[in-house]
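Going line by line, the protein sequences match chains A and B. Position one of the first sequence corresponds to residue 14 (my numbering), numbered consecutively onward. Position one of the second sequence corresponds to residue 9 (my numbering), numbered consecutively onward. We treat Cβ as the ideally placed atom computed from N, Cα and C, and that holds for glycine. As structure tokens, the structure follows; a few thoughts come after it.
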Amino acid sequence: MTTIKQLLKTNYPARFILFGVILSLLPIFSEIGVLQNSTVRLIGYVIIFTVVALGLNLLLGFSGLVSLGTAGFMGFGAYMFVFISTNVFDGFLVAMLLTLVIAGLLGAVIGLLSLKVEGIYLAIATLFIGEIFLQIFRNVDWFTGGFSGMRHHHPTFNLLFTEITLTRNWTYVLMVLIMVVVMIMMYHLVHSRTGRALMAMSRSEHAAQAMGVSILKYRLIAFIFATVLATLGGVLYISYFRFVDPSPWNLNRSLFIIAMVVVGGFKSIFGTALGAFIIHGIPELYLKDIFSGNPEFSYIFAGILIIVVIMFYPNGAIYVGYDVKKLYYKHVYPRRLPYITLKQIYKQNLATAADDAKKQLKATYKNQRQELRSAIGAKLEQLRAKHQQCLADIKATYQAAIAAAPDGDQTKRQLLKKQRQVALSECKQQHRIDKLAIYRNAVTELMVIDDE
Amino acid sequence: MDIFFTLLFSSLETGSVYALAALGIVLIFRTSKTTNFAQGSIGTLNAFVAAMLFLSWDMNIWIATLLAMVTAFITGVLIDRFIIRPASKANAISKQIITLGLIMVIIGIIPMLFGVDPLSLPRFFEVNASTQFDVFGARISYNAIFIISLSLGLMGFLFWFLQYTKWGLAIRVTASNEITSRLMGVPTRTVTMASWATAAMFGTLAAIIVAPSGSVNSLMMVDVQVNAFFACVLGGFGTFYGAVVGAYLIAFAKSSAQFYVSDIWGNVYVYLVILLLLYLMPNGLFGKKQLKKV
Chain A
14 MTTIKQLLKT NYPARFILFG VILSLLPIFS EIGVLQNSTV RLIGYVIIFT
64 VVALGLNLLL GFSGLVSLGT AGFMGFGAYM FVFISTNVFD GFLVAMLLTL
114 VIAGLLGAVI GLLSLKVEGI YLAIATLFIG EIFLQIFRNV DWFTGGFSGM
164 RHHHPTFNLL FTEITLTRNW TYVLMVLIMV VVMIMMYHLV HSRTGRALMA
214 MSRSEHAAQA MGVSILKYRL IAFIFATVLA TLGGVLYISY FRFVDPSPWN
264 LNRSLFIIAM VVVGGFKSIF GTALGAFIIH GIPELYLKDI FSGNPEFSYI
314 FAGILIIVVI MFYPNGAIYV GYDVKKLYYK HVYPRRLPYI TLKQIYKQNL
364 ATAADDAKKQ LKATYKNQRQ ELRSAIGAKL EQLRAKHQQC LADIKATYQA
414 AIAAAPDGDQ TKRQLLKKQR QVALSECKQQ HRIDKLAIYR NAVTELMVID
464 DE
Chain B
9 MDIFFTLLFS SLETGSVYAL AALGIVLIFR TSKTTNFAQG SIGTLNAFVA
59 AMLFLSWDMN IWIATLLAMV TAFITGVLID RFIIRPASKA NAISKQIITL
109 GLIMVIIGII PMLFGVDPLS LPRFFEVNAS TQFDVFGARI SYNAIFIISL
159 SLGLMGFLFW FLQYTKWGLA IRVTASNEIT SRLMGVPTRT VTMASWATAA
209 MFGTLAAIIV APSGSVNSLM MVDVQVNAFF ACVLGGFGTF YGAVVGAYLI
259 AFAKSSAQFY VSDIWGNVYV YLVILLLLYL MPNGLFGKKQ LKKV
């Protein structure tokens, strides 16, 4: 346990692996009947979206470019994968790599055409690309099967002498594996030269340019990365759901993916996964039954979240944890500190004590804790009485002063009122400081006793 | 020759729709420094209002349109007051994403307010044999003439307004530099609010014109929105008239490509040509290169 903790602390990508291991255990729960099958399917969908949104996060979070063609590229990936599997080579890895290479080239061409100008144009250019893709999906029957769509099987791997076709749950595990690989890749990309250049661009394009960062080059890298990951998402989609038709790949799907990045948190890898779960998972899992009257409810949910997060919480949902921690250390932790110290001392003693003394130690510890609590409580009670007295004094002084002041003198009254407010707030401030001092003193006393 | 004129008239009609939407987008781009992706959705929302008034309350189409204009004005003002203004310090990308969020909210709200079934709106003038006449062998309806002249008239009025009135001057200086104009005493907040309201009204008018050729549903403006954006890009965001010229050009190119080249792929070719053109002329046909101070 401690070694795992150590590993997680020193090696950040190990967290992705741990996350992946936990996620890949879900099918087991569904096998033994704890989880519903549909929930695992939903999480599978969330994993696909996470892969796609990670690519978009690099584009949107780092280089500040919006792509509205993400869903189009996902669809392209799914169709291209089926096409290559049926016509060229029916093996998961080869077909996937071919699809990704083609998507990367396509992304490079589109990026070169649209990234030369203002970043704002990429959104419009990708909007068209998305529409063109949709047109292709609907009308090119030999490639996409038109409105009736295309069917495919779960991934197959061609080994030397045999061929393995995965089951649905093993496909799920494969998807988790690919997601973890993408997360680790993304982590290393972000912490490399490219990542630093992108980070510099996101702060100030002009400053980055002045430092010799080629804006076009890094924008292009980010866009190609986003394209390839969107395509990868499409490949995973067709592999897991085994069916693709033109309907899901419209602009609205792209908007949902943008919502995932925004809500989860720019530049954060776990945040993207969290965002994918919030935007896709929560409406389907929890809110669907409450709002069953409105089929488009998830749009309102995502839309309002986008607006609210951008306006009031630009860091994204992943920062909720940090902020809660911060609040805890500011307000709750000082009060808990004496008890925490006591417990630590007890644990130290326990480690060195002989076996038969342990029981007694525990009893003493409990006693000490009780005593500490009552001691602090008594001091607080005293302090509260003092505080009440302080407040009452100020109020009495104010009443007397008001009574002494002439009736019509408004300025004098206002002045007195202000003085009263200042005095009250000083009193409260003092109370707060005294309270903290009590906790601190308790801790110091404990330490002193321990040293002796 | 008659085919050419048929194409010309139909593209003038669709071009007017694109131009109205595009003008709204440029207006907002210049005053609020963001590309408003929700332009089409705001129009759709208010077209639903018009359709509701027409179908359920048995109102005249003219009155329904006027009332929808009023609600469009209110929508624009509300969006500016409660979403865009509080976020005015955010960067351009954040504002762009906010308008994307607006699209989602509107798509979600429409079935809540108006039900899930698509509604329908009639044309301003019925189109039949007696309301059409021949020009050079092409048939043109009163409705088309009305739409073309209404849009051209409105846009002409807007250009006159921008060029020759005090408020037009306020809009132009806000577009050129917001901080300086605020220092000079221009009420930039009111200007921004007015441009949102105007853009919403233009979008709604475009939606009401488009509605009779299909149904009133939440996706009806996607095509117009896409083309309006292309028009803005083609004409350049730098000028107000560029977007209008771009809109008519695109409409004509699309309808000729669809007729002469391919029914399904004509507009795809036009889009690709425009993407290439954009590569060669990054600031559009009429745009000037914008210089930024660091």
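Just mark residue i as buried or exposed, buried being the case when its beta carbon has 16 or more other beta carbons within 10 Å.
| i | result |
| --- | --- |
| B/D88 | buried |
| A/G46 | exposed |
| B/Y268 | exposed |
| A/E495 | Only positions 14 to 465 of chain A appear in the structure, and residue 495 of chain A is not among them; the question remains open. |
| B/K103 | buried |
| A/A386 | For the record, residue 386 of chain A in the displayed sequence is Arg; it is not Ala. Its Cβ having fewer than 16 others within 10 Å, A/R386 is exposed. |
| A/M196 | buried |
| A/A417 | exposed |
| A/M14 | exposed |
| B/F12 | exposed |
| A/S76 | buried |
| B/W65 | exposed |
| A/N263 | buried |
| A/F314 | buried |
| A/E384 | exposed |
Determine whether the beta carbon atoms of residue i and residue j lie at a separation below 8 Å.
| i | j | result |
| --- | --- | --- |
| A/I237 | A/T207 | no |
| A/G467 | A/V241 | The question about residue 467 of chain A has no answer, for chain A in this structure spans 14 to 465. |
| A/Q160 | A/P259 | Note on identity: in this sequence residue 160 of chain A is Phe, with Gln being the wrong assignment. Cβ atoms of A/F160 and A/P259: closer than 8 Å. |
| B/A27 | B/I216 | no |
| A/R255 | A/H166 | yes |
| A/V275 | A/I323 | yes |
| A/G85 | A/G158 | no |
| A/I270 | A/A66 | yes |
| B/N54 | B/A95 | no |
| B/W252 | B/G292 | Going by the sequence as given, residue 252 of chain B is Val instead of Trp. In this structure, B/G292 does not lie closer than 8 Å to B/V252 by Cβ. |
| B/I116 | A/Y58 | Residue 116 of chain B is actually Gly in this sequence, not Ile. It is not a contact, given that the beta carbons lie outside the stated cut-off. |
| B/F210 | B/A29 | yes |
| A/L245 | A/L113 | yes |
| A/F102 | A/P168 | no |
| A/M109 | A/G247 | no |
| A/P351 | A/L459 | yes |
| B/F45 | B/I111 | yes |
| B/T52 | B/M289 | no |
| B/A236 | B/T83 | no |
| B/P119 | A/E297 | no |
| A/A272 | A/I319 | yes |
| B/D231 | B/F144 | no |
| B/W204 | B/V85 | yes |
What is the C-beta distance between residue i and residue j, in whole angstroms, given that I count them as a contact (C-beta under 8 Å)?
| i | j | result |
| --- | --- | --- |
| A/A231 | A/A210 | A quick correction: the sequence has Tyr, not Ala, at residue 231 of chain A. Confirmed, about 5 Å. |
| A/L147 | B/L283 | At roughly 16 Å, the Cβ-Cβ gap does not stay under 8 Å, so A/L147 and B/L283 are not in contact. |
| A/L393 | A/H444 | Rounded, the Cβ-Cβ distance is 10 Å, inconsistent with contact. |
| A/I191 | A/L249 | 7 Å |
| A/A330 | A/G288 | 6 Å |
| A/V193 | A/G33 | 4 Å |
| B/V113 | A/I317 | 6 Å |
| B/S264 | B/L15 | 6 Å |
| A/P347 | A/Y452 | 5 Å |
| B/S146 | B/F17 | Rather than Ser, the amino acid found at residue 146 of chain B in this sequence is Ala. Right, their Cβ atoms sit about 6 Å apart. |
| A/Y25 | A/Y134 | 36 Å between Cβ atoms; not a contact. |
| A/A121 | A/F89 | 14 Å between Cβ atoms; not a contact. |
Report yes if the C-beta of residue i is less than 7 Å from at least one heavy atom of the ligand ZN; otherwise report no.
| i | result |
| --- | --- |
| A/Q395 | Here there are no bound small molecules, and the ligand ZN is not part of this structure. |
Task: Selection of the stretch 140-171 of chain A by Cβ proximity to chain B, strictly under 7 Å - done: L140, F141, E144, I145, Q148, N152
Task: Positions along the stretch 106-140 of chain B whose CB lies within less than 9 Å of some CB in chain A - done: I106, L108, G109, L110, I111, M112, V113, I114, I115, G116, I117, I118, P119, M120, V124
Task: Sequence ranges, beta strand (DSSP E) only - wholly within the stretch 22-58 of chain B, length at least 3 - done: none
Open item on the list: In chain order, what are the residue ranges of uninterrupted beta strand (DSSP E) at least 3 long that sit wholly in the stretch 146-216 of chain A?
Closed with: 169-171, 176-178
TODO: Taking only runs that begin and end inside the stretch 16-69 of chain A, name each unbroken alpha helix (DSSP H) of 4 or more residues, in chain order.
DONE: 26-37, 39-44
- [ ] With 7 Å as the C-beta to C-beta threshold (strictly closer), list the residues of the stretch 21-51 of chain B near chain A in chain order.
- [x] T43
Open item on the list: Threshold first: 4 residues or longer. Then list the alpha helix (DSSP H) segments lying entirely within the stretch 272-359 of chain A, N to C.
Closed with: 282-289, 310-325, 332-340
- [ ] Can you give me, in chain order, the residues of the stretch 112-128 of chain A that have a beta carbon less than 9 Å from any beta carbon in chain B?
- [x] I123, L125, L126, S127
- [ ] Run through the stretch 69-116 of chain B for me and flag every whole alpha helix (DSSP H) of 4 or more residues, listed as ranges in chain order.
- [x] 69-87
TODO: Closer than 9 Å, Cβ to Cβ, to anything on chain A: give me those residues from the stretch 260-287 of chain B, in chain order.
DONE: I272, W273, N275, V276, Y279, L280, I282, L283, L284, L286, Y287
Task: Start-end ranges of the alpha helix (DSSP H) lying completely within the stretch 352-426 of chain A, minimum 4 residues - done: 371-417
Open item on the list: Counting only Cβ-Cβ distances shorter than 9 Å, please list the residues of the stretch 230-251 of chain B near chain A, keeping chain order.
Closed with: V230, D231, Q233, V234, F237, F238, C240, V241, F245
Open item on the list: Which residues of the stretch 79-103 of chain B have a Cβ closer than 8 Å to any Cβ of chain A? Give them in chain order.
Closed with: I91, P94, A95, A98, N99, A100, I101, S102
- [ ] Mind checking the stretch 56-85 of chain A against chain B and listing, in chain order, the residues whose C-beta falls within less than 7 Å of any C-beta there?
- [x] G77, V79
Task: Interface positions of the stretch 253-265 of chain A facing chain B (Cβ-Cβ less than 9 Å), listed along the chain - done: N263, L264, N265
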